[in-house]
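Structure record follows, encoded as structure tokens.
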Amino acid sequence: MKFLSTNDPAASASLSDALLSGAAPDGGLYFPEDFPEVDFTGFKDRGLSERAQRLLTPFFDGDALAPRLGAFCEAAFAWPVPVCEPRGAGDYWTLELFHGPTGAFKDHGARFLREALDALGDDADPFTVLVATSGDTGGAVGAAFEGAERARAVILFPKGRVSPFQRHQLTCWGDGVTALEVEGDFDDCQRLVKQAFADRDLSRAARLTSANSINLGRLLPQMAYFASAAFDVLENTGQTPGFIIPTGNMGNAVACLWARACGAPVGPVVIAVNANRALPDYFETGKYAPRPSAATLANAMDVGDPSNFARFVQQGRLGEGVSAVSVADDAIQARIRAEFETKARTLCPHTAVGAEAFARLDAARKSAPWVVAATAHPYKFRETVEPLIGEAIAPPPAFEAIFGRKSEAKPIAAELSALAQALESGQ
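When the letters of the sequence shown are read in order and numbered with this note's numbering, they come out as residues 13 to 439.
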């Protein structure tokens with residue numbers, strides 16, 4: 013299997029090379045040259061890690077990493093990923109992706125990528141995993157890469173644009189993990205990462221790779237939980253489910269569409285965003301107009317120029333049956349209240365965006381099953397959620413281990429020179 017650049021499909025790379033570089037040398041993002049047809053009947057009576065291995069094997073065929081795929085999948089899916097049944101008629105299924113070490117769906121991809129880089133790395137010359145985060149990615153990467161011998165992680169996050177708990181989760185890791193607090197917004201952080209990769213001297217000297225969803229090592233494992241959930245709902249209902257995916261950078265949405273392209277029983281897909289409307293406006297007008305990100309309650313999705321849009325438009329057939337909806341803060345708050353009062357569900361603001369998108373579907377579309385991706389644990393956003401539901405949210409056991417950790421971050425300007433200095437100094 014070869015992987016092609018969105019900027020120049022004539023340029024290709026092996027899976028290992030694509031994982032190591034993160035982005036293509038021309039600045040494009042890698043995508044598979046083909047989507048193999050997978051026999052999903054083999055999913056029956058198998059756990060998620062086995063299903064993931066079955067789904068991803070064709071993408072690893074012929075690559076040096078192929079013998080390690082099973083171990084990668086076991087690490088990435090070492091905790092439950094329940095698919096919860098609807099709570100009454102006219103309700104949705106919930107794909108709970110927040111049971112990992114940092115309570116976000118990104119734990120899966122971060123663990124998978126850490127295993128891959130460990131397999132490819134060199135003890136004497138470790139990689140630098142450079143990641144921009146709007147809230148959740150950095151915590152997942154920090155937890156995954158702490159103590160890694162063949163990679164260090166450098167996390168860029170926007171000052172004042174993450175929740176207090178998110179900030180602690182971004183900055184409490186040691187042993188090879190550095191947090192940089194950027195004077196700017198998430199788009200500035202993302203721009204710095206792209207500029208660092210485009211600077212060939214800097215990229216080569218620091219041995220840069222990425223843990224954002226621009227890296228295939230994030231998207232490939234995310235395909236698996238969508239394919240698995242789709243199979244389970246089909247087995248239970250006899251109908252192909254639609255998916256509603258809260259998204260910022262479009263990585264989770266593209267992963268779901270890639271799973272569908274491999275034959276997973278995924279029906280229509282609704283991309284649910286917050287007040288950052290670049291994607292809904294594209295679907296309404298046919299014109300893509302990136303813009304500065306706006307701060308919202310669903311801050312991990314505060315993205316004005318989603319990186320994975322390049323993958324989406326490069327592979328035109330991905331767009332069949334796809335739509336997008338924007339949910340403003342007042343609707344997020346109202347949906348959190350309504351879900352708690354009527355269904356005893358406690359949602360994070362991001363999952364509430366998905367739940368509100370479901371509520372806006374017309375009755376005809378709701379006649380088929382729908383799955384909402386629950387992307388983060390509500391405790392991470394308790395400052396927003398608790399006043400709305402009138403109750404305290406208990407932290408999951410996985411969070412207990414980080415409460416007492418020391419938090420440390422280095423402030424930097426939103427300039428490539430400042431990032432380069434931090435990378436060169438090992439900070």
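Even for Gly, the Cβ is constructed at its ideal location relative to N, Cα and C. Values in this document were obtained by computation on a predicted structure and should not be read as measured data.
{"query": "Could you tell me whether the segment 324-336 touches the segment 256-274, where touching means 3 or more Cβ pairs closer than 8 Å?", "result": "yes"}
{"query": "Helix, strand or coil, according to DSSP, for F89 in the structure here?", "result": "coil"}
{"query": "Which residues in the same chain as L81 place their Cβ atom closer than 8 Å to its Cβ, once the five residues preceding and following it in sequence are excluded?", "result": "Q65, L68, T69, F72"}
{"query": "By Cβ distance, which residues of its chain are closer than 6 Å to S240, with the 5 residues on each side in sequence left out?", "result": "L60, R63"}
{"query": "Determine contact between the segment 141-153 and the segment 212-228, defined as no fewer than three beta-carbon pairs at a distance below 8 Å.", "result": "yes"}
{"query": "Determine which residues share a DSSP beta bridge with L16 and list them.", "result": "S24, F43"}
{"query": "What is the DSSP secondary structure of I344, reduced to helix, strand or coil?", "result": "helix"}
{"query": "Rounded to a whole number of angstroms, what is the C-alpha to C-alpha distance between S175 and A343?", "result": "19 Å"}
{"query": "Which residues in the same chain have their Cβ closer than 6 Å to the Cβ of Q207, if we skip the five residues on either side of it in sequence?", "result": "L428"}
{"query": "For I401, name the three-state secondary structure that DSSP assigns.", "result": "helix"}
{"query": "Give the range of the alpha helix (DSSP H) segment to which V221 is assigned.", "result": "In the sequence as displayed, the identity of residue 221 is Thr instead of Val. First-last for T221: 220-222, but that is the beta strand (DSSP E), not the alpha helix (DSSP H)."}
{"query": "Here's the rule I'm using: 16 or more other beta-carbon atoms within 10 Å means buried, otherwise exposed. How should Q433 be labelled?", "result": "exposed"}
{"query": "Write down the C-beta distance between G188 and A165 rounded to the nearest angstrom, noting that I regard them as a contact closer than 8 Å.", "result": "7 Å"}
{"query": "Per DSSP, what kind of secondary structure is C96 in: helix, strand or coil?", "result": "strand"}
{"query": "Relative to the C-alpha of K418, which candidate in T183, P44, T145, N248 has its C-alpha closest?", "result": "T183"}
{"query": "Out of D197, A425, A273, state which residue places its alpha-carbon closest to the alpha-carbon of F47.", "result": "A273"}
{"query": "For G254, write down the residues that DSSP places opposite it in a beta bridge.", "result": "W382"}
{"query": "Out of curiosity, what's the CA-to-CA distance linking E127 and F89?", "result": "12 Å"}
{"query": "Is the separation between the beta-carbon of F15 and that of A276 shorter than 8 Å?", "result": "no"}
{"query": "Using the three-state DSSP reduction, which class does F169 fall into: helix, strand or coil?", "result": "strand"}
{"query": "On the CB-based measure, 16 or more other CB atoms within 10 Å of its CB, does S379 come out buried or exposed?", "result": "exposed"}
{"query": "Please specify which runs of the alpha helix (DSSP H), each continuous and at least 4 residues long, are wholly inside the segment 202-247, giving them in chain order.", "result": "212-218"}
{"query": "Can you list, in chain order, the stretches of the alpha helix (DSSP H) that have 4 or more residues and sit fully within the segment 291-372?", "result": "321-326, 341-355, 361-371"}
{"query": "In three-state terms, what does DSSP make of L109?", "result": "coil"}
{"query": "Less than 8 Å between the CB atoms is what I'm expecting for G115 and P408, so what's the real figure, rounded?", "result": "6 Å"}
{"query": "Classify V194: buried if its beta carbon has 16 or more other beta carbons within 10 angstroms, exposed otherwise.", "result": "buried"}
{"query": "Do A290 and D314 have their CB atoms nearer than 8 Å?", "result": "no"}
{"query": "Determine the closest residue to K355 out of A101, A218, F177, with distance taken between C-alpha atoms.", "result": "A101"}
{"query": "Do A350 and I256 count as a contact pair if the criterion is CB distance below 8 Å?", "result": "no"}
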